[in-house]
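Undergrad:
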Amino acid sequence: AQSVTQLDSQVPVFEEAPVELRCNYSSSVSVYLFWYVQYPNQGLQLLLKYLSGSTLVESINGFEAEFNKSQTSFHLRKPSVHISDTAEYFCALSYTDKLIFGTGTRLQVFP
Amino acid sequence: SQTIHQWPATLVQPVGSPLSLECTVEGTSNPNLYWYRQAAGRGLQLLFYSVGIGQISSEVPQNLSASRPQDRQFILSSKKLLLSDSGFYLCAWGRGGNTEAFFGQGTRLTVV
Chain A
33 AQSVTQLDSQ
43 VPVFEEAPVE
53 LRCNYSSSVS
63 VYLFWYVQYP
73 NQGLQLLLKY
83 LSGSTLVESI
93 NGFEAEFNKS
103 QTSFHLRKPS
113 VHISDTAEYF
123 CALSYTDKLI
133 FGTGTRLQVF
143 P
Chain B
2 SQTIHQWPAT
12 LVQPVGSPLS
22 LECTVEGTSN
32 PNLYWYRQAA
42 GRGLQLLFYS
52 VGIGQISSEV
62 PQNLSASRPQ
72 DRQFILSSKK
82 LLLSDSGFYL
92 CAWGRGGNTE
102 AFFGQGTRLT
112 VV
């Protein structure tokens with residue numbers, strides 16, 4: 033069965049510091065991977081996606097994620113975070129019309 | 002462009018009452034449609050998904066049901082709500098295959 037594991041439920045970090053949010057997946061078939069961001073009491077917004085091609089994917093606001101097939105990981109990174117990056121981040125995988133999510137990581141950025 | 006509408010934004014219902022949450026998509030045809038529930042510390046749980054009118058796949062056996070009476074309409078229902086049905090319900094649509102999904106703003110359901 034396919035699954036997504038987000039190893040950290042909360043990640044506190046100071047503004048302008050680098051951050052990594054970890055995501056591992058398990059699948060017996062080819063999958064497609066996504067990161068979503070959720071601000072309080074809102075729906076989810078797509079941050080970035082890996083479908084094929086280059087294993088390093090980037091978003092417009094400075095986040096990047098690298099697909100690592102051998103380690104079955106898709107970690108999200110940002111070299112310098114802002115207060116406005118405080119939110120919940122979800123890793124997800126897609127297969128056969130289903131989209132399943134990890135339990136989420138709350139990123140808290142402190143001044 | 003495509004848009005997804007979900008309502009109501011918040012709902013407080015007594016135990017044992019019925020439920021109907023509606024979701025509609027505009028600007029696309031034959032979308033995949035999804036209902037998720039979000040509970041604290043549990044991420045997003047896929048409840049139902051649909052690849053076409055009248056086609057519903059249930060992921061988790063529970064007190065809820067879903068229907069797709071029209072191509073771009075997805076309804077989540079319950080005959081009798083339980084306290085454990087409280088949560089944040091999200092509707093989403095996708096283009097099928099292994100592409101991403103786009104989410105509505107969610108409904109905060111509190112069963113009292």
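Line by line, the protein sequences give chains A and B.
Under our numbering, the first residue of the first sequence is numbered 33, with each subsequent residue one higher.
Under our numbering, the first residue of the second sequence is numbered 2, with each subsequent residue one higher.
Just so you know, even glycine gets a beta-carbon here, dropped at the ideal spot from N, CA and C.
Values in this document were obtained by computation on a predicted structure and should not be read as measured data.
1. Assign Asn99 (chain B) to buried or exposed, taking buried as 16 or more other Cβ atoms, counted over all protein chains shown, within 10 Å of its Cβ.
2. Can you find a CB in chain A that lies within less than 8 Å of the CB of Val13 (chain B)?
3. Go through the region 28-73 of chain B residue by residue and report every complete run of the beta strand (DSSP E) that reaches 3 residues or more, in order.
4. Below 9 Å between beta carbons is the criterion; list the residues of the region 67-81 of chain A that meet it against any residue of chain B, in chain order.
5. Can you grab the Cα-Cα spacing for the pair Tyr64 (chain A) / Phe103 (chain B), in whole Å?
6. Using a 10 Å radius around the Cβ and a threshold of 16 neighbouring Cβ atoms, would you call Lys81 (chain A) buried or exposed?
7. Taking 8 Å as the threshold (beta carbon to beta carbon), is Asn31 (chain B) in contact with chain A?
8. Per DSSP, which one or two residues make a beta bridge with Arg123 (chain A)?
9. Following the continuous beta strand (DSSP E) through Glu98 (chain A), name the residue where it begins and the one where it ends.
10. Since Lys110 (chain A) contacts Pro50 (chain A) with CB under 8 Å, what's their CB separation in whole angstroms?
11. For the 8 Å Cβ check, are there 3 or more pairs between the region 86-101 of chain B and the region 20-34 of chain B?
12. For Glu120 (chain A), count neighbouring C-beta atoms within 10 Å of its own C-beta (all shown protein chains included) and say buried if the count is 16 or more, exposed if not.
13. Roughly how many angstroms lie between the CA atoms of Val16 (chain B) and Phe46 (chain A), to the nearest whole one?
14. Taking Gln38 (chain A) as part of the beta strand (DSSP E), name the residues at either end of that continuous run.
15. Residues of chain B with CB under 9 Å from Asp129 (chain A), in chain order?
TA: Judging by the given coordinates:
1. As a position in the second sequence, residue 99 (chain B) is number 98, starting the count at 1. By the neighbour-count rule (16 or more Cβ atoms within 10 Å), Asn99 (chain B) is buried.
2. Against the second sequence, residue 13 (chain B) aligns to sequence position 12. No, Val13 (chain B) does not count as interfacial toward chain A.
3. 33-40, 44-53, 56-59, 66-71
4. Tyr68, Gln70, Asn73, Gln74, Gly75, Leu76, Gln77, Leu78, Lys81
5. Residue mapping note: residue 64 (chain A) aligns to position 32 of the first sequence, counting from 1. Residue mapping note: residue 103 (chain B) aligns to position 102 of the second sequence, counting from 1. Answer to the nearest angstrom: the Cα atoms are 15 Å apart.
6. The residue given as residue 81 (chain A) occupies position 49 in the first sequence. When all chains shown are included, Lys81 (chain A) counts as buried.
7. Position 30 of the second sequence, counted from the start, is the residue given in the question as residue 31 (chain B). It does not; no Cβ of chain A falls within 8 Å.
8. Numbered from its first residue, the first sequence carries residue 123 (chain A) at position 91. According to the sequence provided, residue 123 (chain A) is Cys. The question's Arg does not apply to it. Bridge partners of Cys123 (chain A): A:Trp67.
9. Taking the first residue of the first sequence as 1, we reach residue 98 (chain A) at position 66. Looking at the DSSP string, the run of the beta strand (DSSP E) that includes Glu98 (chain A) is 96-100.
10. Translated into positions along the first sequence, residue 110 (chain A) becomes position 78. Translated into positions along the first sequence, residue 50 (chain A) becomes position 18. About 7 Å; that satisfies the 8 Å criterion.
11. yes
12. Position 88 of the first sequence holds residue 120 (chain A). Glu120 (chain A) should be labelled buried.
13. As a working mapping, residue 16 (chain B) is identified with position 15 in the second sequence. As a working mapping, residue 46 (chain A) is identified with position 14 in the first sequence. Going from the Cα of Val16 (chain B) to the Cα of Phe46 (chain A) covers about 43 Å.
14. What you label residue 38 (chain A) is simply residue 6 of the first sequence in a count that begins at 1. Per DSSP, Gln38 (chain A) belongs to no beta strand (DSSP E) and is neither H nor E.
15. For the purposes of this step, residue 129 (chain A) is identified with residue 97 of the first sequence, where counting begins at 1. Ordered by position in chain B, the residues that pass the 9 Å Cβ test against Asp129 (chain A) are Asn33, Tyr50, Val52, Ser58, Gly95, Gly97, Gly98, Asn99.
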